[in-house]
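Colleague: Just so you know, we're using this note's numbering here: the sequence shown kicks off at 24 and counts up by one.
From the three backbone atoms N, C-alpha and C, an ideal C-beta is built for every residue, glycine too.
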Amino acid sequence: ALIKAIKQNVKDVEKIHPQMSLEIDLGLDSLSRAEVFAFLEQAFNIEFDTDKAANALTVGEVIKITQEQTGGADAEVVSQDFNWGDIVRNAEADKNLPEIQTILNKPAFLDWIVYAGFKFFKLLFKIFLRLEVSGLEELKRIKRPFLICPNHQSFFDPFVVTCNFDYDTLKNSFAVGATEFFKSSFMKSIARLLNTIPIDPDTQLTKAMKAGAVGLKYGKILNIFPEGERAFDGDLHQFKKGAAILATELNMPIVPVALDGLYKVWARDSGKINLAKVKMRFGKPFYPKDVLSDSSASADGLSKADSEAKYEAVTAYLKAEIQIMIDEMRR
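(1) So who's on the other strand from Ser44, going by DSSP bridges?
(2) Could you check which residue in Ile268, Leu162, Thr73 and Ile110 has the C-alpha nearest to that of Asp189?
(3) With DSSP as the reference, label Val280 as helix, strand or coil.
(4) In whole angstroms, what is the alpha-carbon distance linking Ile222 and Ala332?
(5) Quick check on Lys263: buried or exposed, where buried means 16 or more other Cβ atoms within 10 Å of its Cβ?
(6) Count the other CB atoms, across all protein chains shown, that sit within 10 Å of the CB of Phe151; report buried if there are 16 or more and exposed otherwise.
(7) For Glu84, which option in Trp107, Glu46, Asn68 and Ala139 has the closest C-alpha, if you only look at C-alpha atoms?
(8) Could you compute how far the alpha carbon of Gly294 sits from the alpha carbon of Ala61?
(9) Please list, in chain order, all residues of the same chain as Leu63 whose beta carbon is under 7 Å from its beta carbon, the five residues on each side excluded.
(10) Would Trp107 be called buried (16 or more neighbouring beta carbons within 10 Å of its own) or exposed?
(11) Comparing alpha-carbon positions, which option in Lys287, Leu269 and Ser157 lies nearest Ala254?
(12) Taking 8 Å as the threshold, find out whether the segment 309-316 comes into contact with the segment 201-214 through three or more Cβ pairs.
(13) By Cβ distance, which residues of its chain are closer than 7 Å to Met43, with the 5 residues on each side in sequence left out?
(14) Would you report the Cα separation of Asp292 and Glu252, rounded to the nearest angstrom?
(15) Under 7 Å between the Cβ atoms of His175 and Phe71?
(16) Taking the alpha-carbon positions, what's the Leu225 to Asp256 distance?
(17) DSSP three-state label for Arg112, please.
(18) Measuring only the C-alpha atoms, how far is Gly242 from Ala214?
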């Protein structure tokens, strides 16, 4: 199962041995690495310990933690290709996803408190960052559920985006990730208050994707940063395909959002905050089926290669739309 999982995500590697490094020898980036673990979770019907998965750097170490989790049991679905479509479309709010329940059942008065707080942040951003926002009308032209996908420049990004939501959009929006900030009991309470589900996509990708899918199925709005990490130079970097998978398989629209100037305010790997002009633009929503060559957006029934091609096409379109808006804001 492990060899099959790796070969689905690696090209031009004939032999795989335990001493091979996942990153150096096999060239697995964070998403491909996460997909290997997701495949194994599906094949063995298990859920990896987050810390052990994060610390597994070689093929041998992955074999070891898999054997520890399974007790040496055989895989259940090794003969099948890993299929994001099945995982996303069949995701349910069950006992394996208790985190989503806090988002679906949060008391309304807490949303009003958060809304007031974000409006205060908006005032601060207007004063100190001279925040300039355009395209908000696009959110009023679209009905839930949908995905909001901004580029990522600083820690302030989620607050800058969210503070511009009206009350209905805010109370129905949620995010998945940022586990490093929500480890203590107090911070987990803050995560619930902010409609954030602390699941690490790098080590629990299947669970993160299921959480995103369930929230969308319940009519929510998913805020997701396709880059996955903050850009250090203001340029767009590699976009991951998670948003494209969810939008494609669930046939839901994406709202592209362009942020610019925030990398100057709080640069990556810097503890210093500077004052700089910040601009943000909400783009026109699009459905994956509108940018694909055929009429059916879903990758159901397609080979892994064909499915990947669809996801990559949607991801490339999203990135191009954001780049166009950034270029226009810089003129």
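Modeller: Taking the coordinates as given:
(1) According to DSSP, which records beta bridges pairwise, Ser44 is partnered with Thr81.
(2) Checking every option, the nearest Cα to that of Asp189 belongs to Leu162.
(3) DSSP, reduced to helix, strand and coil, places Val280 within a strand of the structure shown.
(4) Taking the Cα positions, Ile222 is about 27 Å away from Ala332.
(5) Flag for Lys263 reads buried.
(6) Phe151 comes out exposed.
(7) The candidate whose alpha carbon is nearest that of Glu84 is Glu46.
(8) Whole-angstrom Cα-Cα distance: 34 Å.
(9) Closer than 7 Å at Cβ, skipping near neighbours: Ala24, Leu25, Ala28 and Thr89.
(10) With 16 or more Cβ atoms within 10 Å of its Cβ, Trp107 is classed as buried.
(11) Minimum Cα distance to Ala254 is reached at Lys287.
(12) Three or more Cβ pairs closer than 8 Å define a contact, and the segment 309-316 falls short of that threshold against the segment 201-214.
(13) Beyond the five residues adjoining it in sequence on each side, Met43 comes within less than 7 Å, by CB distance, of Leu49, Thr81 and Val82 in the same chain, given in chain order.
(14) Each residue's Cα considered, the two are about 12 Å apart.
(15) No, Cβ-Cβ distance for His175 and Phe71 is not below 7 Å.
(16) Going by the sequence as given, residue 225 is Asp instead of Leu. Looking at the two C-alpha atoms, the distance is approximately 23 Å.
(17) If DSSP states are grouped into helix, strand and coil, Arg112 belongs with the helices.
(18) About 20 Å.
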